[in-house]
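Numbering (mature numbering (1 follows the signal peptide of the UniProt record, and there is no 0)), first residue to last: -24 to -1, 1 to 279.
Yeah, the Cβ is synthetic: ideal placement off N, Cα and C, and Gly gets one too.
This report refers to the structure that appears directly beneath it.
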Amino acid sequence: MRPTLTQLRYVVAVARYGSVTAAAAVLNVSQPSVSVAIDNVEDALGQKLFVRRRGSGVALTSFGRRAVAKARQVLGEADELAALGSRDADAGGELVLGCFEDLAPYFAPALMRAFAERCPAVTVVIGDETFDTLGRRLADSAVDLGLTYDLGLPGHFKRILLHELRPHALLPASHVLADKRAVSLAELALHPLITTDQPHSWQHMLDLFLSRGLSPVARTTTSSFELQRSMVANGFGVAVSYTRPHGDRSYDGLPLVCKPLSDPLPMQRIILTHDTRQRLSKAAVAFIEVARAWFAGHDVFTS
């Protein structure tokens, strides 16, 4: 028997959410229905799609990655066919956008709103990702496009430039460097450095100092950008960041001082990325166009 479109949708959902239980909840069907669909598709294709791990969901096999990529292509074309009668026949179906967690709250909702005006027939599914999970989920076809910084991506991933940012220093309002017009990495290296525990981000920030022959002392490592900002605002150290929200206050209301860096440092790129081994849907191509236009028409961070 050939797999049905419904069975393929169930398989793609399991790949996206990493477990049969989570996929069933999102699809609003029973868990046995999803499990049976997986078994039927695996029987039809003659190979296993998933490795089932007790207590930790499922993972795609190498064959499963290829099969899910093809299933997403088939489903996308079926959705485009169904949308031919709508007022927007160029794009339909579903688009899965993975966003690096530091960028998601600043850009994802606005991009989704702009895209909905352009392609109302497309359903956008958005998820927060770390650098590591984003690359893996793009490779597994669980995500169509990634919105992220240009860090830690494989060479075969396409990078579509949206914006470039200069790094800046984050200081407590009472810091000795707070009144300077600009600060240097050498000046910052004399004070405790607060970093995040995102592997590629932490290493990139350290490399900025190492490129100037400096070895800062990292006093604290935080799990998020906002916690990093709050630690700085409360006087526990200084930080270097590309991301700058509108309004220089931490979550607990304390002021932050943001100063440009005087060192000639490379700019960081905000990009859309995708695995070139996977075919882009019309919805993904349209989203890229919308994102380029949106970034071209908006001020990004107030630095």
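Item to check | 8 Å Cβ shell around ALA158 - same chain, five flanking residues per side excluded | outcome: These residues qualify, in order along the chain: LYS235, PRO236, LEU237, SER238.
Checklist entry - Which same chain residues, not among the five before or five after ALA47, have their C-beta less than 7 Å away from its C-beta? => result Once the five neighbours on either side are set aside, the close Cβ partners of ALA47 are LEU(-17), VAL(-14), VAL(-13).
Checklist entry - How about the stretch 113 to 129 and the stretch 156 to 172: do they share at least three Cβ pairs that are nearer than 8 Å? => result These segments do not touch.
Next on the checklist: For LEU45 and ALA(-10), what's the separation of their Cα atoms in angstroms?
Outcome noted: The residue you asked about is not Leu; residue 45 is Ala in the sequence shown. Straight-line Cα distance between these residues: approximately 10 Å.
Checklist entry - Of the residues ARG30, VAL(-5), ARG113, ASP108, which one's Cα is nearest the Cα of GLN254? => result The candidate whose alpha carbon is nearest that of GLN254 is ARG113.
Checklist entry - Under the criterion of a Cβ to heavy atom distance below 8 Å, does VAL98 qualify as lining the ligand GTP? => result For the structure depicted, the ligand GTP is absent and the ligand set is empty, with no information on it obtainable.
Checklist entry - What is the DSSP secondary structure of ARG89, counted as helix, strand or coil? => result Looking at ARG89 - three-state DSSP - the assignment turns out to be helix.
Item to check | Spatially closest choice to GLU56 from VAL276, ALA272, ALA262, by CA coordinates | outcome: Ranking VAL276, ALA272, ALA262 by Cα distance to GLU56 puts ALA262 first.
Checklist entry - Are residue 308 and LEU146 touching if we call contact CB-CB under 9 Å? => result In this structure the chain extends from -24 to 279, so residue 308 is not present and cannot be described.
Item to check | Other residues of its chain near HIS176: CB distance less than 6 Å, five sequence neighbours each side excluded | outcome: Closer than 6 Å at the Cβ level, and outside the excluded window around HIS176, lie PHE107, LEU127, GLY128.
Next on the checklist: Once DSSP output is grouped into helix, strand and coil, what is the label at ASP19?
Outcome noted: Collapsing the DSSP output to three states places ASP19 in a helix.
Checklist entry - What number of angstroms, rounded off, separates the C-alpha of SER38 from the C-alpha of VAL27? => result Rounded to the nearest angstrom, the two C-alpha atoms are 10 Å apart.
Checklist entry - Below 9 Å between beta carbons: does that hold for ARG41 and ALA115? => result ALA115 sits close to ARG41, with the two beta carbons spaced by under 9 Å.
Checklist entry - Which residue comes first and which comes last in the beta strand (DSSP E) that contains ASP251? => result Where ASP251 is concerned, the enclosing beta strand (DSSP E) stretches over 244 to 251.
Checklist entry - Would a C-beta distance cut-off of 9 Å place ASP173 and THR197 closer than the cut-off? => result With respect to THR197, ASP173 sits close: the two C-beta atoms are nearer than 9 Å.
Checklist entry - Fully enclosed by the stretch 186 to 218, which alpha helix (DSSP H) runs are 4 residues long or longer? => result 201 to 209, all fully within the stretch 186 to 218.
Checklist entry - Taking LEU110 as the reference, which of ARG89, PRO96, ALA90, VAL72 has the closest Cα? => result The shortest C-alpha to C-alpha distance from LEU110 to any of ARG89, PRO96, ALA90, VAL72 is the one to VAL72.
Checklist entry - Rounded to whole angstroms, how far is the Cβ of LEU51 from the Cβ of GLY69, which I believe are closer than 8 Å? => result Between GLY69 and LEU51 the Cβ distance is about 7 Å, and since that is below 8 Å, they are a contact.
Next on the checklist: Quick check: ARG135 and ILE247, are their CB atoms within less than 9 Å of each other?
Outcome noted: Contact: yes.
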